[in-house]
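Reading through the structure tokens given below for one structure.
2 protein chains.
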Amino acid sequence: MIIDCHGHYTTAPAAVGEWRQTQVAAVERDHSFVGEKGVIAVTDDDIRGSIESAQLQAQRERGIDLTIFSPRASWMGHHIGNVHTSKYWSQHQNELIRRVCDLFPDSFAPVCQLPQSPGEPLDESVRELERCVVEMGFVGCNVNPDPSGGNWEGPPLWDRHWAPLWDKMCELEVPAMIHVSAATNRNLETTASHYLGADTTAFTQALTSGFMSDFPGLRWIVPHGGGAVPFHWGRFEGMARDKGWDLDSLLEHVFFDTCVYHQAGIDLLVRVVPHENILFGSEMIGAVRGIDPDTGRHYDDTGLYIERSGLTEDEKRKIYFENALRVFPRLDIEVEA
Amino acid sequence: MIIDCHGHYTTAPAAVGEWRQTQVAAVERDHSFVGEKGVIAVTDDDIRGSIESAQLQAQRERGIDLTIFSPRASWMGHHIGNVHTSKYWSQHQNELIRRVCDLFPDSFAPVCQLPQSPGEPLDESVRELERCVVEMGFVGCNVNPDPSGGNWEGPPLWDRHWAPLWDKMCELEVPAMIHVSAATNRNLETTASHYLGADTTAFTQALTSGFMSDFPGLRWIVPHGGGAVPFHWGRFEGMARDKGWDLDSLLEHVFFDTCVYHQAGIDLLVRVVPHENILFGSEMIGAVRGIDPDTGRHYDDTGLYIERSGLTEDEKRKIYFENALRVFPRLDIEVEA
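Protein sequences appear in the order of chains A and B. The numbering of the first sequence is my numbering, which starts it at 1 and goes up by one. The numbering of the second sequence is my numbering, which starts it at 1 and goes up by one.
Written as structure tokens, this is what we have:
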């Protein structure tokens, strides 16, 4: 059994992007635009067509049984518009994910995006999380640590601003992947510097503050292998020792995926991070789409690196699915369904 | 011969910090405050005392012959005050570094900070670079890619804003370490998330833009092992392939230091980055000051990891000093002096 904890619906039918473009154009004219949810005209066949020859085909080729699937991260765009437009967009995106999972229940489990909006409290996000989990059977959520789109203008993750969301996640027993969206700051390339920097930043905010110990059931997945963190494990370990930060306790809450696209990177990840804290992921179909001439396989075919990393069968089982079942307790139902 | 390419004067005598505190207090009262350069009353004995039992003792214990030494990075504080106050502060800091190198000419070679200031052109920085190199024998400079202090409000490194500085560096045959200063944004911890994120961002700006090919002699050292870059080498390689970015050409310009504080990190670095592009560094005495219980040595005693990384003597020689002599052509004189 292989569960990929990190997949986004990057091949959504064109009508989805068109709906969003219309909405974005409206908020560009008037930032306080509300509009209405309306309808995105996508048929089940459209969805099948967008999945079968893309994500699902790759999953089959790579032996991935199930992908924990969420809306396209770079499209979340929390910095665009306001909490109303963010709500409608999130609802559509989440309902679309639900439909993908209904059409392919054995291959996908749903994770939602949240209608975050800069400067706004998280009430709407809590509501949408509850709707997705309780009414629609979602197993987790994506939380954007920087809804300002690369300007880091909002409160850090240890700020009480975030507490209602952490409380609701604990109550519903769902984890969050801490995943930014597109960068608007021209200093930052979205999927390279912004994603990797944000991963490192989110981990550091949790480590330096120790706030997660106030939320015993809170679980995060820090994507892209944790950004720079495992490569600088000695730096973080040493700083923690110098400053009295509790790295061990943090690892009861924080997990890394395997979205690291070369052998040496995965070898390092499994060497320094406890295997209980690693979840298989590929973020396929995502930021890197080409084939590595050295392996003849896609760069993001991360199972190849896991297979060649010298792990025992027991260790691989943890990374491939056992840890995911622990981190996503609601997944159990989905897997057996 | 071992050259450490990355040392900051973090143990400067108290009078230095006091001078700066007075200046900072003045600009806090009046942002347009100019003041005057004045004098920082530090004797040669003060300097000896601050170096001999600290940096120099550690160099001797670790077998480091020469450290390329620059003002404390987190103190550069380009976001504080204005271009005038930044100029006086930089001049003092650089003159202090010159005095350290005069007192211990066999053990230190000088690198300067620049009087950058948000929103200002780089004229003063070009002038200070020329003064330091031509009049004072400096071998390189530190360039802050984000003088706004963690808010990334200025132009990216590929913007023409920076061209006068790159031109002057090429003319003078000095490289730059691309090193941020303290973060003012409370989302960012200075030496963990901000430093590592900035390293990744600087590299990405160079890779995506390809601008360095317009400056054939331009050389950067990206510190802290390149931030997240080597850990995500496959990601950068794959994205470069997808998007037509020229990673090979970039490596004619960009070098990484070895400020990665554990064995697995250094093993990865020397496995994926061409050895010609790695310069020995420790950033000692810096962000991590404790002892790793696993090795019984300081976390930042990076020579230990190099020794245990399985490199040949030829490969180690490149990393320990041959690459540094190539990247810092003006160092030659210093080494032989």
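Even for Gly, the Cβ is constructed at its ideal location relative to N, Cα and C.
- Task: Could you round the C-beta distance between serine 309 of chain A and valine 270 of chain A to whole angstroms and report it? I think they count as a contact, below 8 Å.
- Result: About 5 Å separates the two Cβ atoms, so the contact holds.
- N-terminal and C-terminal residue of the alpha helix (DSSP H) that threonine 67 of chain A is part of: Unbroken run through threonine 67 of chain A is the beta strand (DSSP E), 66-71; no alpha helix (DSSP H).
- Give the secondary structure of glutamate 336 of chain A by DSSP, where H, G and I count as helix, E and B as strand, and everything else as coil. Its pLDDT being 46, under 50, glutamate 336 of chain A is placed unreliably in this model, and the coordinates cannot settle the point.
- Item | First through last residue of the alpha helix (DSSP H) which encompasses methionine 169 of chain B | Per DSSP, methionine 169 of chain B belongs to the alpha helix (DSSP H) from 163-172.
- Note down the Cα distance separating valine 139 of chain A from arginine 317 of chain B, rounded to an integer number of angstroms. Approximately 53 Å between the Cα atoms of the pair.
- 7 Å Cβ cutoff met for glutamate 189 of chain B and threonine 200 of chain A: Note that the C-beta distance between glutamate 189 of chain B and threonine 200 of chain A is not below 7 Å.
- Message: Let me check understanding here. Comparing Cα to Cα, which of B/Ala176, B/Gly226, B/Pro175 lies closest to glycine 338 of chain B?
- Response: Residue 338 of chain B lies beyond the range of chain B shown here (1 to 337); nothing can be said about it.
- Item | Extent of the continuous beta strand (DSSP E) to which isoleucine 339 of chain A belongs | This structure leaves residue 339 of chain A out entirely; chain A is present only between 1 and 337.
- Item | Counterpart residues of proline 110 of chain A in DSSP-defined beta bridges | DSSP lists A/Phe69 as partners of proline 110 of chain A.
- Beta-carbon proximity list for leucine 331 of chain B, same chain, < 7 Å, skipping 5 on both sides: Taken in chain order, the residues that qualify are Ala109, Val139, Ala324, Leu325.
- Query: When you check each C-beta in the region 198-220 of chain A against every C-beta of chain B, which residues fall closer than 9 Å?
  - Reply: If you check each beta-carbon in the region 198-220 of chain A against every beta-carbon of chain B, the ones closer than 9 Å belong to Ala198, Asp199, Thr200, Thr201, Ala202, Phe203, Thr204, Gln205, Leu207, Thr208.
- Task: May I ask which residues mark the beginning and end of the beta strand (DSSP E) holding glycine 140 of chain B?
- Result: Glycine 140 of chain B -> beta strand (DSSP E) spans 140-143.
- Task: Output, in sequence order along the chain, the residues in the region 228-245 of chain A whose CB is closer than 8 Å to any CB in chain B.
- Result: The region 228-245 of chain A vs chain B, Cβ under 8 Å: Ala228, Pro230, Phe231, His232, Trp233, Gly234, Arg235, Phe236, Glu237, Gly238, Met239, Arg241, Asp242.
- Would you mind sorting glycine 77 of chain A into buried or exposed? The rule is 16 or more other CB atoms within 10 Å of its CB. It counts as buried.
- Message: Along the region 272-295 of chain A, where does the CB come closer than 8 Å to a CB of chain B? Name the residues.
- Response: Hits within the stretch, in order: Val272, Ala287, Val288, Arg289, Gly290, Asp292.
- Task: State the start and end residues of the unbroken beta strand (DSSP E) segment that holds methionine 177 of chain B.
- Result: Counting along the chain, the beta strand (DSSP E) containing methionine 177 of chain B begins and ends at 176-178.
- Message: My assumption, with CB atoms under 8 Å, is that isoleucine 68 of chain A sits in contact with phenylalanine 280 of chain A. Please give the rounded CB distance.
- Response: Incorrect: roughly 10 Å between the Cβ atoms, too far for contact.
- Task: Give a yes or no on whether the C-beta atoms belonging to valine 133 of chain B and valine 100 of chain B are separated by under 7 Å.
- Result: Going by beta carbons, valine 133 of chain B and valine 100 of chain B fall outside the 7 Å limit.
- When burial is assigned at 16 or more other CB atoms within 10 Å of the CB, is valine 39 of chain A buried or exposed? Per the 10 Å Cβ criterion, exposed.
- Message: Please give me, in chain order, every unbroken run of the alpha helix (DSSP H) with length at least 4 that falls completely inside the region 236-278 of chain A.
- Response: Every alpha helix (DSSP H) of 4 residues or more that sits fully in the region 236-278 of chain A is shown, in chain order, as 247-250, 263-272.
- Message: 7 Å is my cut-off, CB to CB: does glutamate 189 of chain A come that close to chain B?
- Response: It does; some Cβ of chain B falls within 7 Å.
- Message: Suppose you measure from the CA of valine 27 of chain A to the CA of glutamate 18 of chain A; what does that come to, to the nearest Å?
- Response: One C-alpha to the other measures close to 14 Å.
- Query: Could you give the distance in angstroms between the alpha-carbon of proline 223 of chain B and the alpha-carbon of aspartate 4 of chain B?
  - Reply: Approximately 12 Å, taken between the alpha carbons.
- Message: Between leucine 196 of chain B and chain A, is the shortest Cβ-Cβ distance under 7 Å, so that the two count as touching?
- Response: Yes, because at least one Cβ of chain A sits closer than 7 Å to the Cβ of leucine 196 of chain B.
- What residue from B/Ser117, B/Asn144, B/Glu120, B/Ser193 has the CA that sits closest to histidine 232 of chain A's CA? Scanning B/Ser117, B/Asn144, B/Glu120, B/Ser193 for the CA closest to the CA of histidine 232 of chain A turns up B/Ser193.
- Task: Report yes or no: is there a C-beta of chain A within less than 7 Å of the C-beta of histidine 8 of chain B?
- Result: No - not a single Cβ of chain A is within 7 Å of the one on histidine 8 of chain B.
- Within the 7 Å Cβ cut-off, does histidine 262 of chain A reach chain B? Chain B, which has a Cβ nearer than 7 Å to the Cβ of histidine 262 of chain A, makes this yes.
- Query: Alpha carbon to alpha carbon, how far is glutamine 93 of chain B from cysteine 112 of chain B?
  - Reply: Rounded to whole angstroms, glutamine 93 of chain B to cysteine 112 of chain B spans 8 Å at the Cα level.
- Task: Give the residues of chain B in contact with arginine 186 of chain A, contact being defined as C-beta atoms less than 7 Å apart.
- Result: What arginine 186 of chain A touches in chain B: Pro156.
- Task: Leaving out five residues on either side along the sequence, give the residues of the same chain with a beta carbon under 8 Å from the beta carbon of glutamate 283 of chain B.
- Result: His6, Gly7, His8, Pro223, His224, Asp257, Cys259, Asp300, listed in sequence order.
- Below-7 Å beta-carbon distance, leucine 268 of chain A vs any chain B residue: It does: the Cβ of leucine 268 of chain A has a partner Cβ on chain B nearer than 7 Å.
- Query: With a cut-off of 7 Å, does the C-beta of tryptophan 152 of chain A fall near any C-beta of chain B?
  - Reply: So yes, tryptophan 152 of chain A belongs to the interface.
- Please determine if the region 29-38 of chain B and the region 50-58 of chain B are in contact, where contact requires at least 3 C-beta pairs separated by less than 8 Å. Fewer than three beta-carbon pairs drawn from the region 29-38 of chain B and the region 50-58 of chain B are found closer than 8 Å, and the two stretches are therefore not classed as touching.
- Go through its chain and collect everything with a Cβ distance to glycine 290 of chain A's Cβ below 8 Å, but skip five positions before and after it. Once the five neighbours on either side are set aside, the close Cβ partners of glycine 290 of chain A are His298, Tyr299.
- Message: So the candidates are B/Lys168, B/Ala73, B/Ile97; which of them puts its Cα closest to the Cα of asparagine 144 of chain B?
- Response: A check of alpha carbon separations from asparagine 144 of chain B across B/Lys168, B/Ala73, B/Ile97 identifies B/Ala73 as the nearest.
- Under 8 Å by Cβ, that's how I've got tryptophan 220 of chain B and histidine 253 of chain B pegged, so tell me the actual separation to the nearest angstrom. Their Cβ separation, rounded to whole angstroms, is 6 Å, which keeps tryptophan 220 of chain B and histidine 253 of chain B in contact under 8 Å.
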